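Structure first, commentary second.
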Amino acid sequence: MDDSIVLAMHGICMTFPGVKALEDVDFTLRKGEIHALMGENGAGKSTLIKVLTGVYEKDSGEIRLAGVDHLVENKSPEDAQRLCISTVYQEVNLCPNLSIAENVYIGREPRKHGFIDWKMMNAKASELMRKFSIDADVTVPVGHYSIALQQMVAIARAVDMQCKVLIFDEPTSSLDEEEVAKLFDVMRALKARGVGIIFVTHFLEQVYEVCDRITVLRNGKLVGEYTVHDLPRYQLVAKMMGKDFDDLASIKSIRTKKPSDAVVVRTDHLGHSRTIKPFSLEVKRGEVMGLAGLLGSGRSELARCIYGADKPDHGRMEMNGKPFFASHPIDSMKAGMAYLPEDRKKEGVIGDLSVKENIIIALQARKGTMHLLSKKDQEKFADTYIDLLQIKTRDRDMPVRSLSGGNQQKVIIGRWLLTQPDFIILDEPTRGIDVGTKTEIQKLVLQLADRGTAVMFISSEIDEMLRTCDHMAVMRDGSKIAELDESQLNQKTIMATIAGGGK
Amino acid sequence: MRMKQKRPFNETVFLLKITITLFFVMYVIGMIVFREKGFTHFQTFLNLFISNASLIVIAAGMTVVMLTGGIDISVGSCVAMYCMMLAYMMERQGVGAVGAVAIVLGTGIVFGFVQGFLVSYLRIQPFIVTLAGMFFARGMTAIISVDMISIMDKQFLGWAQHKMYIPFGGYLSRKGVLIKPFIYPTVIIALLTLVVIYFMLKSTRFGRRIYAIGGSEQSALLMGLNVRRTRLNAYILEGFLTSIGGILFCLNTCSGFVEQARGYEMEAIAAAVIGGTLLTGGVGNVFGSLFGVLIKGTIETFITFQGTLSSWWTKISIAALLAFFIILQSILGNSKFHGREST
Amino acid sequence: MKPNFKRITHYRLFLPILCLVLVLLVNVIKTPTFFQLSIRNGVLYGYIIDVVNRASELVVLAVGMTLVVAASGGTDISVGSVMAVASAMSCFVLAGGQVSVNSYAAPWGFGLLAALVAATLCGAWNGFLVAKMRIQPMVATLILFTAGRGIAQLITRGQITYIRVDSYKYLGNFIPHVPLPTSIFVAILVVILTNLMLKKTALGLYIQSVGINKDASRLVGIKSNWIIFFVYTFCGFLSGIAGMIASSRIYSADANNIGLNMELDAILAVALGGNDLAGGKFNITGSVIGAYTIQALTTTLYAMGVTADQVPVYKAIVVVIIVTLQSEEFKKWFSKVTARRLLVEAKAVEA
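If you're matching them up, the sequences are chains A, S and F in order. For the first sequence, the working numbering begins at 1 and goes up steadily by one. For the second sequence, the working numbering begins at 504 and goes up steadily by one. For the third sequence, the working numbering begins at 847 and goes up steadily by one.
See the structure below:
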């Protein structure tokens, strides 16, 4: 292995049931380099990191580390740490009940006569905090401090371990500008010392500010490795979101009606304090409103706020002209809303229940506990949507978890279509689905709009949205930054709006 | 960049303060209300330790397991089993006191290992595992002997009855005789064990790992700690402590019978919770549990001195206190809340 | 032949029925007259009748426990103590505060009502702690597990209260001119009515949904917290019924012994019935079969000379075996081992 290279991953493959998370991915990290790893959701970047740090065991591929003769096979985070690969994760992975000093030194506490030397540990920790300009009492449980401070402690811990490879997995989501600047200073200092840093992020500005190289992943495959110099922002966004234009741009002709002027949903500075800044928008009857933006820009959070999955604590909302407030999703449903969650495994699919039960459950909930749908009705409804959506299942009583991802998604779509909503939110409805089904779903969206349903459509694939949307709201960093009307709906404008100003 | 944070509200210390205050308040009330009956004598205080030496050790063990986020409801039945084992071995099998004690300690380790393995490596809910353990141990007690066995072994009785006098705090009896206060070796053993466990939890890497996995198993794992092994070892340690507690209990009762120590696990859990150990894990310390035991002992003393109330009142008061502290913990816990709402 | 075998073993009730058959088999071997029935004084007698009779309380408890496990993935260990509370309330009301009476101080219906209300309140308390305060079910129910018997003692002033009235004994024994023990009918009625409630309303569906995926259930409009509150309250209610039966058998309220150790039996019945103790889909019939199996098992053990105090050892072992087989870790390890063995065999065939 070349002397300048500290980590080389070659041909990494990782498959989960039904999903190829990583397919033949290469990744090279050089000494003294800050290397960005980028890609949309499902691209595979967090899987790649987890393979490297031993959280997952790869199916195939090689990992080589400078200074280590044999191939690296990390079976646990313990192994990775022993090889001196330290990681800072997006979700703060500290123990909230332990003090700052303990968190920094857990597993390697300084000892005196076999017992932990608290004095020394606290002193060293205080020194470390000083280096990072963190003014905090190192003996207080870290859970009492803000997430931002906790994240800085996690960073300090990783740096203190003096590793040759340092991984930062979305570390800045909870930091403000000052703290991010401090982090970058630290990263540059480490770079000067020859440490290799992998920086996973979706913040474009940060990539261009501090990184040397960029590796882009898409749908589990490697798109390419580039130096920051050679890749302007626009091109980077294009590579992450993909420019596979389908020849089925013609499906837009399915639309026969234009959106009406009647407003179905209106929000007025609606917000949820920890997740989405106050936003105002309107969705009209028969309109498809798209939410564009990169991962982490707050699209799903906005959708959840409207539906009441996260109870809004700011602003107001109107449904069909009347003031509306949801204290529980059932209220939204009764007002005519439907919501297809982004994480279908965690929040959509009720795995052990049958296809039939998964389809009728939302309608059942709206009807009420006492009014059980008759077996005949249940079967009729289920069959209707199995047919309509071409759900591939042996019969309606199979447990939903035995279906493929795409078919599971269709079941959940069928669930909400059954409730015949006035307003439906589809959050990444085509993620992880084969091309043929994708097209079906896009056609479905257009048909819904034609029938007068208001639709909110979120997708990471811009061309998908271009094919279906009448109107678009653009998000960045947790707030809505712009709206684009029909005339502005082209790839160039959208990506420019997302990328924002700068190089 | 300054990130000044003011000293935040420390709920651990808060809970512990409540417990210690509660104990002192209760004890003082006792001294006032029952001063005629001798509550103010130093011996009354010492009796708290004498009667509850076993519980002190068991509560310490319970704390260790609860720190990992688990629980062990088999301790009461185990104590009964160990007592019966001691009695049976010494009286029916002619095993010497030392040998019997050694066998019981070994059994404690094995029992802890089995429970710990099921919890840690097979990931079965601690509650179910230890519920089965509870029924197993209680049943074993009956299998060893359905009848009560009294211990006559001279060596054992010698340990049990050896009074250790304390040179101060005595009082004059009505006849003018100086009554000196005393304790038994069980108290010394209990307090020594407590101190050892305290230092282990506070100043060894193993101890800190226990706190870590209770605080956040996920984080502990990602920080490179061996979570499974630590958890198993915690249960082994607790099994060992339970066997010590069983021996101390036996030194108190000098007999083995099937119905012994029923509900003891509840007292241990209550002592730990009242002493500030969080049910969710990661927070707690054995000195808090000591005060939990002392509070229980004080309530019992009240009831005894009062004379007319049934002993069930002790159980009910403990359950009520437990409910109070559990709810308190839950309220304090729910004040932390990040990002997306969950059901 | 092969496909059929697979279908049978995968039938949900296969395991529970198999266990029951095994236990009954052992019983018959031990006691050849096990299935013999005879009529004495107009009433059916026989070992099998005895088993079915004595299992009634457990059947009722198992129904409640099944729903608690299904919706919350937790267990209610207070059921035995709540039985004690219920019986204490009933006897207290019917004895008008005295220790022993020969006639009702109040109509029997009042006693029943008092018992059921008290038990339901206990269940609601558990439900409140679990659903609203988000306390772990085992811990939440631990409180009543301790305090319940104490409360029962208080209600009866520490005395065992006797209701020496013939009609009080009907519930736990026989109603005149009816050949089968009453409790059997009560158990069957509870099972039927619960099934109706679950199948004729959306409750059965909701309970499963909440147990499988609480978050997804909330998003489709199910009030998950209410469902959880409901199952614990209902379990309390059923414990009240079980308590009334138990009390009627001994025509008294014995706070120390009524319902003793029944919590493990109930959990065991649920597990034997093929229900996953982590929650989700449930099968009441399975739990009912499990309950009768346990009672038959207890009878077998008694026949082998095991005393009542010693029986728990065997139950504990059975629980551990079942839960181990159900655990994900074990299944993973097992499939890895069998895969390795198949690989070795395949290689051997190749060679």
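Every residue gets a Cβ at the ideal spot worked out from N, C-alpha and C, and that includes glycine. The structure displayed is predicted, hence computed values, not measured ones.
Reduced DSSP secondary structure (H/G/I, E/B, other) of residue i
i	result
Asp-246/A	At Asp-246/A the pLDDT is 44, less than 50, meaning the model places this residue with poor confidence; the figure from the coordinates comes in the next sentence. Three-state result, Asp-246/A: coil.
Ile-5/A	strand
Ser-133/A	coil
Thr-1007/F	strand
Lys-322/A	strand
Tyr-624/S	coil
Glu-342/A	coil
Met-655/S	coil
Ser-479/A	strand
Ser-354/A	strand
Met-1043/F	helix
Ser-814/S	coil
Pro-399/A	strand
Unbroken alpha helix (DSSP H) run spanning residue i, endpoints
i	result
Leu-962/F	954–973
Glu-57/A	Unbroken run through Glu-57/A: none, as it is neither H nor E.
Tyr-738/S	730–756
Tyr-89/A	Run containing Tyr-89/A: none; DSSP gives neither H nor E here.
Pro-983/F	983–1001
Asp-387/A	375–388
Glu-1196/F	1174–1196
Tyr-687/S	Tyr-687/S -> no alpha helix (DSSP H), and no H or E assigned at all.
Pro-77/A	77–82
Ala-454/A	No alpha helix (DSSP H) holds Ala-454/A; the beta strand (DSSP E) holding it covers 454–458.
Leu-890/F	Element bounds for Leu-890/F: not the alpha helix (DSSP H) but the beta strand (DSSP E), 889–891.
Asp-427/A	Segment 423–427 is the beta strand (DSSP E) holding Asp-427/A; no alpha helix (DSSP H) there.
Phe-184/A	177–192
Gly-414/A	405–418
Val-925/F	925–941
Val-789/S	789–809
Inter-residue CB distance, residue i and residue j (contact presumed, cutoff 8 Å)
i	j	result
Leu-448/A	Ile-424/A	7 Å
Tyr-738/S	Gln-618/S	5 Å
Ser-557/S	Leu-751/S	4 Å
Ile-350/A	Ser-1063/F	7 Å
Thr-992/F	Lys-818/S	6 Å
Range of the contiguous beta strand (DSSP E) that encloses residue i
i	result
Tyr-226/A	221–227
Asp-212/A	Asp-212/A -> no beta strand (DSSP E), and no H or E assigned at all.
Thr-543/S	Neither: Thr-543/S is in no beta strand (DSSP E) and is coded neither H nor E.
Leu-1017/F	That residue, Leu-1017/F, is in no beta strand (DSSP E); it is neither H nor E in DSSP.
Asp-169/A	165–169
Arg-514/A	The displayed coordinates of chain A run from 1 to 503. Any statement about residue 514/A would go beyond what the structure contains.
Glu-282/A	276–284
Arg-266/A	263–272
Chain D residues whose Cβ lies nearer than 9 Å to that of residue i
i	result
Lys-346/A	Considering every chain present, this structure includes no chain D. Its protein chains are A, S and F.
query: Contact between the region 289–297 of chain A and the region 444–458 of chain A: three or more CB pairs below 8 Å?
result: yes
- request: Anything in the region 1103–1133 of chain F with a Cβ closer than 8 Å to a Cβ of chain A? List those residues in chain order, please.
  value: Gly-1126, Lys-1127
field: Near-chain F residues of the region 640–652 of chain S (beta-carbon distance less than 9 Å), N- to C-terminal order
entry: Ala-640, Arg-641, Gly-642, Met-643, Thr-644, Ala-645, Ile-646, Val-649
- request: With 8 Å as the limit, tell me which residues of the region 616–636 of chain S have their beta carbon closer than that to any beta carbon of chain F; keep them in chain order.
  value: Leu-621, Tyr-624, Leu-625, Arg-626, Ile-627, Gln-628, Phe-630, Ile-631, Val-632, Leu-634, Ala-635, Gly-636
message: Any contact between the region 971–984 of chain F and the region 893–901 of chain F? By contact I mean 3 or more CB pairs, one from each, below 8 Å.
response: no
- prompt: Is it true that the region 523–540 of chain S meets the region 790–801 of chain S, where meeting means three or more beta-carbon pairs spaced less than 8 Å apart?
  reply: yes
message: Along the region 1053–1075 of chain F, where does the CB come closer than 8 Å to a CB of chain A? Name the residues.
response: Only those residues of the region 1053–1075 of chain F whose C-beta falls short of 8 Å from the nearest C-beta of chain A are listed: Gln-1054, Ser-1055, Ile-1058, Asn-1059, Asp-1061, Ala-1062, Ser-1063, Arg-1064, Leu-1065, Val-1066, Gly-1067, Ile-1068, Lys-1069.
- request: Determine, using beta-carbon pairs with one atom in the region 661–679 of chain S and one in the region 1169–1183 of chain F, whether at least three such pairs fall under 8 Å.
  value: no
query: What residues in the region 1149–1177 of chain F bring their beta carbon closer than 8 Å to a beta carbon of chain S?
result: Thr-1153, Asp-1155, Gln-1156, Val-1157, Pro-1158, Val-1159, Tyr-1160, Lys-1161, Ala-1162, Ile-1163, Val-1165, Val-1166, Val-1169, Thr-1170, Ser-1173, Glu-1174, Glu-1175, Phe-1176
- prompt: Relative to chain F, which residues along the region 805–830 of chain S have a C-beta separation below 8 Å, given in chain order?
  reply: Ser-813, Trp-815, Trp-816, Lys-818, Ile-819, Ile-821, Ala-822, Ala-823, Leu-825, Ala-826, Ile-829, Ile-830
task: Answer yes if the region 1046–1053 of chain F comes into contact with the region 869–885 of chain F, meaning at least three C-beta pairs across the two stretches below 8 Å, and no otherwise.
output: no
message: Would the region 135–150 of chain A count as touching the region 48–57 of chain A if we require 3 or more Cβ pairs under 8 Å?
response: no
field: Interface residues of the region 739–767 of chain S facing chain F [CB-CB below 8 Å]
entry: Val-761, Gly-766
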